[in-house]
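*Asks:* For the sequence shown, the numbering used here assigns the number -7 to the initial residue and increments by one for each residue that follows.
Built from N, CA and C at the ideal position, the CB exists for glycine as well.
No experiment lies behind these values; they were computed from the predicted model shown.
Please find one structure pasted underneath; my questions will follow.
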Amino acid sequence: MVYDKLSSQEVKRDELFIETKIAPWQHGKENTHVAVMDSLKRLKLSYLDLVLVHWPGVAKVPPTDPKNKSMRQETWQELENLVSLGAIKSIGVSNYNEKHLSDLLDYCKIKPTVNQVEFHPLCFQKNLLDFCKSHSVYLQAYSSLGSSQSKPPGWTVLFGNETVKSLAAKHGKTIPQILLRWGLQHDCLLIPKTSKVENLKPNLDIFDFSLDQDDMNKLNSINQDKHFCWNPNDIV
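Pasting the structure below:
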């Protein structure tokens, strides 16, 4: 996965899945069109593989302002138009809760392929996961291993959890492997982030073991609805 921060010289189209997002200040028909066209121009590409609406709210608009909902609709309908023009292959959303998704499904012509949200045992969004599954929308988990954005850093909270630590010891696996396996067994798409190359291989090495139902129940039970990053639930 590659975001459009890369330079055109770094992009080899046949090797990469290229994704970008519509930022909160880019909502609306015209802004969305300009944002996508600008990405294509800067990357010297004819199409993008996936474009997500990054946030259900509009920059500088109060969370309870109905303008958030109307601008989201404008944004989505322009993305649908860009799909019809061949500029985008697939479209989705990020940080949408059930209400945001329900609104979108009421008017969309193209359903979102993915909803990218914070998802880990301390933020086990089961109702949202079930809603996505029922509408054939993939839930893509970010911050599966916590986040450095919060204080204390989310990864220290997750890694220090006794339930998580005990399951890592039980299976002879690392804590990240336990957390990623939990997300995988909930049928989530995973995009773990690491700044250390040496962590890439173990983060991928999660297919030689399984968590049993008791393990899954233990991890599910530590949910605190804890968002280490952003919580979209106050956006109308």
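Does the beta carbon of GLN216 sit closer than 8 Å to a beta carbon anywhere in chain B?
*Replies:* Chain labels in this structure do not include chain B; a single protein chain is all it has.
*Asks:* Going by beta carbon distance, what residues of the same chain come within less than 6 Å of GLY146, once the five residues before and after it are set aside?
*Replies:* Indexing the sequence shown from 1 puts residue 146 at position 154. Around GLY146: GLY138, SER139 and PHE220.
*Asks:* Taking just the CA atoms, how far does ASP30 sit from ILE14?
*Replies:* Here residue 14 corresponds to residue number 22 of the sequence shown, with the count starting at 1. Here residue 30 corresponds to residue number 38 of the sequence shown, with the count starting at 1. Roughly 12 Å between the two C-alpha positions.
*Asks:* With respect to the beta strand (DSSP E) encompassing LYS13, which residues constitute its N-terminal and C-terminal limits?
*Replies:* Here the question's residue 13 lines up with position 21 in the sequence shown. That run of the beta strand (DSSP E) goes 11 to 14.
*Asks:* Can you say whether TYR99 is buried or exposed, counting buried as having 16 or more other CB atoms within 10 angstroms of its CB?
*Replies:* Here residue 99 is taken as the residue at index 107 of the sequence shown, counted from 1. That one is exposed.
*Asks:* Less than 8 Å separating the beta-carbons of LYS75 and ASN60?
*Replies:* To locate residue 75, count along the sequence shown from 1; it is residue 83. To locate residue 60, count along the sequence shown from 1; it is residue 68. Note on identity: in this sequence residue 75 is Val, with Lys being the wrong assignment. In this structure, ASN60 does not lie closer than 8 Å to VAL75 by Cβ.
*Asks:* So what does DSSP say about ILE214, is it helix, strand or coil?
*Replies:* Within the sequence shown, numbered from 1, the residue matching residue 214 stands at position 222. Three-state result, ILE214: coil.
*Asks:* Grab me the residues of LEU211's own chain with a C-beta within less than 6 Å of its C-beta, minus the 5 sequence neighbours each way, in chain order.
*Replies:* Residue numbering aside, residue 211 sits at position 219 when the sequence shown is read from its first letter. So the qualifying residues of the chain are PRO113 and TRP174.
*Asks:* Going by the beta-carbon positions, is the gap between TYR39 and PRO224 smaller than 8 Å?
*Replies:* Here residue 39 refers to the residue found at position 47 when the sequence shown is read from its first residue. Here residue 224 refers to the residue found at position 232 when the sequence shown is read from its first residue. The answer is no: Cβ separation not under 8 Å.
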